[in-house]
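Protein chains: 2
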Amino acid sequence: MSKKWVYLFKEGNANMKELLGGKGANLAEMTNIGLPVPGGFTVTTEACTEYYNQDKKLSDEIVGQINDYMSVLEKECDKEFGNADNPLLVSVRSGAKFSMPGMMDTILNLGLNDETVAGIAKATDNERFAFDSYRRFIQMFGDVVQEIGKEKFDHVLEAAKEKNGYKDDTELTADDLKAIVVAYKKIVKDETGEDFPLDPKDQLLMAIEAVFRSWNNNRAISYRNMNDIPHDIGTAVNVQSMVYGNMGNDCGTGVAFTRNPATGQKKLFGEFLINAQGEDVVAGIRTPKDIDELKDIMPAVYKQFHETAELLEKHYKDMQDIEFTIEKSKLFMLQTRTGKRTAAAAICAAVEMVEEGLITKEEAILRLDPIALDQLLHPTFEAAALTAAELLATGLPASPGAATGKIYFTAEAVCAAVANGEETLLVRKETSPEDIEGMYAANGILTARGGMTSHAAVVARGMGKCCVAGCESIKVDEAAKQFTVGNQVFKEGDYISLNGSTGSVYKGSIKTVTPELSGHFGQIMAWSDEFRTLKVRTNADTPKDASVAVGFGAEGIGLCRTEHMFFDEHRLPSVRRMILSESKEQREKALAEILPMQKEDFIGIYKAMEGRPVTVRLLDPPLHEFLPKETKDIEALAVDMGFAVEDMLTIIQGLEEFNPMLGHRGCRLAITYPEIAEMQTRAIMEAAIEVKEKYGFNVIPEIMIPLIGINEELTYLDKVVRNTAEVIRAEKKSDIEYLVGTMMEIPRATLIADQIAETAEFFSFGTNDLTQMTYGFSRDDAGKFITDYKEKGILPNDPFQSIDVEGVGKLVEMGVTLGRKTKPDLKIGVCGEHGGDPKSIFFFHSVGLSYVSCSPFRVPIARLAAAQAALSNNKSAFTDK
Amino acid sequence: MSKKWVYLFKEGNANMKELLGGKGANLAEMTNIGLPVPGGFTVTTEACTEYYNQDKKLSDEIVGQINDYMSVLEKECDKEFGNADNPLLVSVRSGAKFSMPGMMDTILNLGLNDETVAGIAKATDNERFAFDSYRRFIQMFGDVVQEIGKEKFDHVLEAAKEKNGYKDDTELTADDLKAIVVAYKKIVKDETGEDFPLDPKDQLLMAIEAVFRSWNNNRAISYRNMNDIPHDIGTAVNVQSMVYGNMGNDCGTGVAFTRNPATGQKKLFGEFLINAQGEDVVAGIRTPKDIDELKDIMPAVYKQFHETAELLEKHYKDMQDIEFTIEKSKLFMLQTRTGKRTAAAAICAAVEMVEEGLITKEEAILRLDPIALDQLLHPTFEAAALTAAELLATGLPASPGAATGKIYFTAEAVCAAVANGEETLLVRKETSPEDIEGMYAANGILTARGGMTSHAAVVARGMGKCCVAGCESIKVDEAAKQFTVGNQVFKEGDYISLNGSTGSVYKGSIKTVTPELSGHFGQIMAWSDEFRTLKVRTNADTPKDASVAVGFGAEGIGLCRTEHMFFDEHRLPSVRRMILSESKEQREKALAEILPMQKEDFIGIYKAMEGRPVTVRLLDPPLHEFLPKETKDIEALAVDMGFAVEDMLTIIQGLEEFNPMLGHRGCRLAITYPEIAEMQTRAIMEAAIEVKEKYGFNVIPEIMIPLIGINEELTYLDKVVRNTAEVIRAEKKSDIEYLVGTMMEIPRATLIADQIAETAEFFSFGTNDLTQMTYGFSRDDAGKFITDYKEKGILPNDPFQSIDVEGVGKLVEMGVTLGRKTKPDLKIGVCGEHGGDPKSIFFFHSVGLSYVSCSPFRVPIARLAAAQAALSNNKSAFTDK
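Protein chains in written order, with the UniProt record's numbering: chain A, 1 to 881; chain B, 1 to 881.
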């Protein structure tokens, strides 16, 4: 039995997007609800796949069906393909399952040839129109199907205009256009060696094949890569009889949204042109009119369109983006699709549609893109100011928001400038933990090296600070205090501007605007909280971050890193003394200096969290990160500590590691130097007791031991922590509670999670490290090959951005299952970057985690994503895109 | 019901080692087969555990049973504990399940006090003997039970001798000894504040407790750590009535082996002393006589002993190590145990016992320690020469064997000296791949840094070359061409000697001897091959290594690394040009220079392997390893390649990585530069075709792609390799077969092994990297904390030495199960260091691997271990130690 490769519009419906593409399915749907859609049919996406399977040939079966359906269409329209007297002309458009605007090709007026052009001239009584259509068709066909450079055609057109002294295309006469058609056909003959195909059936099949081929043009592939669209689903082709908006002043064409796509306001929003074809609206040669004006010009058509728009919105229960054409006062619907909108508009429309009774709260939540919320939380450039800006370079959009300021090349210089009241940006080859203060002080960060999970990117996202990372086209010379892009040199104090949401770097200062969170936003968050079962905590190391996160609805801190506190310039000397101590006693002395400062940190954080749980991770990074790197700093430290410079160098070199990521860090530090864990435990506990006594917040600190891979690491440190905590409880006569738990970030830990859960009171998955070790990728080094991996299709998704379900996810599941085998109620969270990624949140929900923890600015995103996960309760809901 | 804590010797047997300890179980066994064993009983290991559980107290129940059994013993011996007229004296000795010679404490003559000493004097008619025993008892009790420094007692003894002008202890008269007893008791009173305990029952309980305590003295704990003996099994205590070898010339004491423990020769081997106690034999004050002489001195006793020894060997079916005492011409057996022996003796005895019909081939195989075979394969120091040697320092026994030579501090210097005919040792802070040639040329390698799996250790083991690694007490100054230990300075050209089996570093040159493999060795190997199911391959990168391995019985190459070949000084320039190429064309040109050289390598290796399978791993290490590190070398390379030095530096810096272990290496290189994989495939295939044509060896190369973690990495490279191989087969009109497979060394690969097996034709587990990533340990850096881990009991076994069954092993099992789910017959091997480790081989056998691959010198070990695994077919057989 032969397969059905072609569907008339009336044979399809809106649910058949996979087979008919989005455009085809919606044309079918509109046809079936009785809207005025020009007749046509859709060649399916399966035909596209078959085309590629047959080595880029249309099978006889497919060709046969296309011809059959063409005949049906001829009957329907009462016109005939290639008939000089009553010709049928069609458009041929791509339409894949997922919208890929502008990525693939379209051909209009197909069916024109030397004979039918006359028929059209006669039928429309407009010879100029007919030949203009014909020359447009040849140009489009030559460009799209025959791959002849567009500029060759443009050149002829321009020459004709010049010769005649015309300014506008519209001044060209019918005769001019006839001559141009001749010239165009010559171009085709010269370029392809063959005559322009005059048989409409040939034209049609060639056009369909060209659309199929365009599925794999470079820009379509890149678009799919960027938007996580599979490469193997193919596109459908829609063949539709032409209608014309350019046959006179009773004609026109336009596009409209059923609501304002920027704000969400419920009011038709769009524009139209009288006597024009669709491409004229897009081309921007004439200025379109506001859709409201149509009311005055063609009141009946406007009324019909307005009603149709309302009907479509009700029918689809969502904001529609509609294309229409008016041919001789008759309205035709050419396309409807879900309207793209800003995050603000999405939220406004969703909430109002619930209020209107159009959709349910669940539907409102499920249709919002959590990632898009990010737009609402960060500063943006003022639109007007941006227009004039000069784009210098593009890096990775490492941390969203817009920032402008004078550039400085060291953290110290930034801090000094900020102290002088300047707005600054920190520019570095790459950042290191030593730069923390400068990163905090600057408005934004720009680095030349490093990926989406480089130090700069991770820290900046944690701070909610704009960052463009890995901007490889800028050459940073930190010593000379300048960077270059091409020939341009930017020196310390020069202004630039960064868009961390897009990765763009602009010359000069651009005004930014701070967004305000609307009531609709709060409503969506409140609804999300009704549905989600996953708790949402935040990663926060400072009272300020903690407060921001609470404002965004964080229910606790899932990760309070203690190392950033160690980089404070007032503490570094003590920290360094601690590291370089030659005996336990010396080390304890240095730690005693740090203790009151750490305690103050925790007091501030506990106060900001007002009794919500706080998970504090004990010191994690390798100690050499805290030591100076520059010769002058090493010399200064040697003098300060009374060491010979040489000895100091030897000690520092001794602390260097081949693979610090796999070296002496995490719990391994605390096992070598239990006194560090003891000091930190003391700071954590004393602060909690003090905050409880003074402010009445009943803090239950959760002490988290990082990098556990061996059960005995945990049992050993659990004892160290508990013994210290008990001493403090006794000293202070406090009955304050506390938990001791562990990170799950070493693959081995997940494999023996049943053992670990014997001791641990909670788990928190550190999926950054877990991903690094499971893949054997260092995120700092992966930049060297990750681009190749993406280009070659080896790694379609960045596993540091969304969790790798089949690999890393298997370990997560194993850890959860084994951990809960030992302790069925074990509290399990995640505090890696994935904690704020919606796709990953779906996975974490599906494996039964208790909470996710993410950077403050991700908290709203996580709340929404968690609600979506609970509502769909289906691992694949999001991965299906 | 009360538990039985005490067993009379006649209540036990040889199988009760766990409960009675080795010594107690054997005393029981000897008692029950009717041998003359002085009466006694054993307090169980469970009592020891109970003692610790009760906070180091003996429970009333245990004390009651001890007293009860003491009464039984009194009746048996017809003597009475504490009876002045007919006193029973006992020895109290420790005895754990596993022999821990000299680690725990022993007390003799217990039961002596001021009254019973007189009874003994009367019974033996030897007052001097009685008081000498008494003073020895007080000293031993004071030392062991009351923890009074031994030297305090020695001081009194020496003073008495000096005062009287005596040279020997034997010159002390009964009166002298009486005075010494008084002085000893005063020491006890002064030190403990209490009188020396005179009640024998008190003495007994105190002694038993002391033995229990000695289970946890420092040297016992270290011994258990070193020998993988669990800490929680406790020791038993044997209480046995005393017999005396020092009551006159019709008395004596001795030890003997039933066969020669050095050679295995079947002949009584031992020594004895007339009129002496056991400790005199050990103390070495008098020179013992050869056991043969006993035949002349006491013919009847000798005959009885000889028969008893034969009986015991037959009974235990193994060589016995026997202690005996002759009291007034009566023979008493005090201990028998399996005799410790050299590897040579073990093999000789095992083979001969099979020939004698004493044991089966299976038993012979199961009782050999595979690791001990290593002794037979490497040079050793001449015993006599070693006696005089000065030990300088001790590092890690990184690669076995003995070596002596002049020290040099760079690979170049070693090579130059070897060219001059010198014997050399390479001394480095740590080695890097650049040192390969020097490592190859030197007799041995000494490094100051790095663990058992550091570069130096791994490479040296691969070469079968002596290496002491991580010898931290030597300070290497490569620039000054010297190292220091304490105050001693050793300069280039000075002689030192290394024992890679023990980690010892000696001053000066020590003569070495090369061992010869006996026919017994071959017999054991042949029997092993009969039983084992696991194939044994070798890791070999050179024809020489391959030949050595074939000589040892390797059945193929499981890992032929290609990177060592790249370090050859004649190739490095081309390799560097390849790395620094700026276009694919440039790179292909450099690769074309390398191709013929690689091809020659493979031809040599294929010839050496004579048609056995050869698995070649494509290039694995990060490219920057091949680039120069020293400024002068960089400058030279820049000149050579026509680069500015600055640009060269930038390029080299650009290739540096934060965590090279997790960086751009393995298959990631081949994905970025497929032309490298293409060149290597060409060299592998062309060489195979040539060797087949010229020499008739039907080589089936197995091309192995390293570091796969993502299925698409493999499918991509599989295509690159196969396309190249097919081109060559067509070019050469050859139908040669080949396989394409992958390393399993990234944790993620084991989790998706079912996918990977769709493409891979074989798996080879790289358990070094798999262990590193599963633990998140870099073996280069773990040295910083691994010592602490061992001391704190966190990591009792080094997971790089024996596979971590519960963590890494779980991933291996998963990889095997998933891989075979896709391809039930999938060939799966292991080519990490674990491939030559017996414990790990047991595990690999248990999970059904097809083969293990190890360094050439490990091949015999692996063959034996594989046979043992097959025979015991029990994962825990070896881990039970």
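Glycine included, every Cβ here is placed at the ideal spot set by N, Cα and C.
In this text the structure is predicted, and so the values were computed from the model without any measurement.
Less than 8 Å between the CB atoms is what I'm expecting for residue i and residue j, so what's the real figure, rounded?
i, j, result
"Glu271 (chain B)", "Ile291 (chain B)", "6 Å"
"Val691 (chain A)", "Lys607 (chain A)", "6 Å"
"Phe9 (chain A)", "Val37 (chain A)", "6 Å"
"Asn768 (chain A)", "Glu686 (chain A)", "At roughly 30 Å, the Cβ-Cβ gap does not stay under 8 Å, so Asn768 (chain A) and Glu686 (chain A) are not in contact."
"Gly709 (chain A)", "Ala749 (chain A)", "5 Å"
If you follow the beta strand (DSSP E) that residue i is part of, which residue opens it and which one closes it?
i, result
"Tyr506 (chain A)", "504-507"
"Ala398 (chain B)", "396-399"
"Asn797 (chain B)", "Taken as a continuous stretch (DSSP letters only), Asn797 (chain B) belongs to no beta strand (DSSP E), as it is neither H nor E."
Starting from residue i, find everything on chain B with Cβ-Cβ shorter than 8 Å and list it in chain order.
i, result
"Leu751 (chain A)", "Thr774, Glu806, Gly807, Lys810, Leu811"
Counting along the chain, where does the alpha helix (DSSP H) carrying residue i start and finish?
i, result
"Ser872 (chain A)", "859-872"
"Glu693 (chain A)", "674-695"
With a 10 Å radius around its C-beta and 16 neighbouring C-beta atoms as the bar for buried, classify residue i as buried or exposed.
i, result
"Val550 (chain B)", "buried"
"Asn113 (chain A)", "buried"
"Gln265 (chain A)", "exposed"
"Ser850 (chain B)", "buried"
"Gln523 (chain B)", "buried"
"Glu390 (chain B)", "exposed"
"Thr771 (chain B)", "buried"
"Val182 (chain B)", "exposed"
"Gln320 (chain A)", "buried"
"residue 907 (chain B)", "Here chain B comprises residues numbered 1 to 881, so residue 907 (chain B) is not present and cannot be evaluated."
"His520 (chain A)", "buried"
"Arg219 (chain B)", "exposed"
Whose Cβ in chain A lies nearer than 8 Å to the Cβ of residue i?
i, result
"Ser473 (chain B)", "Within chain A, no residue comes near Ser473 (chain B); the closest Cβ sits about 15 Å away, beyond 8 Å."
Rounding to the nearest angstrom, what Cα-Cα distance links residue i and residue j in this structure?
i, j, result
"Thr542 (chain B)", "Gln598 (chain B)", "11 Å"
"Phe878 (chain B)", "Gly829 (chain B)", "Because Phe878 (chain B) sits at a pLDDT of 39, beneath the cut-off of 50, its placement in the model cannot be relied upon, and the point is left open."
"Leu623 (chain B)", "Val575 (chain B)", "9 Å"
"Glu422 (chain A)", "Tyr408 (chain A)", "11 Å"
"Cys466 (chain B)", "Leu572 (chain A)", "45 Å"
"Gly278 (chain A)", "Leu108 (chain A)", "10 Å"
"Ile229 (chain B)", "Asn797 (chain B)", "11 Å"
"Glu29 (chain A)", "Lys535 (chain A)", "41 Å"
Applying a beta-carbon distance threshold of less than 7 Å, which residues of chain A neighbour residue i?
i, result
"Pro747 (chain B)", "Pro747, Met773, Thr774"
"Leu580 (chain B)", "Going along chain A, no residue has its Cβ under 7 Å from Leu580 (chain B), so there is no contact; the nearest lies around 15 Å."
Counting only Cβ pairs nearer than 7 Å, list the residues of chain B close to residue i.
i, result
"Lys792 (chain A)", "Ile671, Tyr716"
"Phe777 (chain A)", "Leu662"
"Lys632 (chain A)", "Going along chain B, no residue has its Cβ under 7 Å from Lys632 (chain A), so there is no contact; the nearest lies around 21 Å."
"Arg668 (chain A)", "Phe785"
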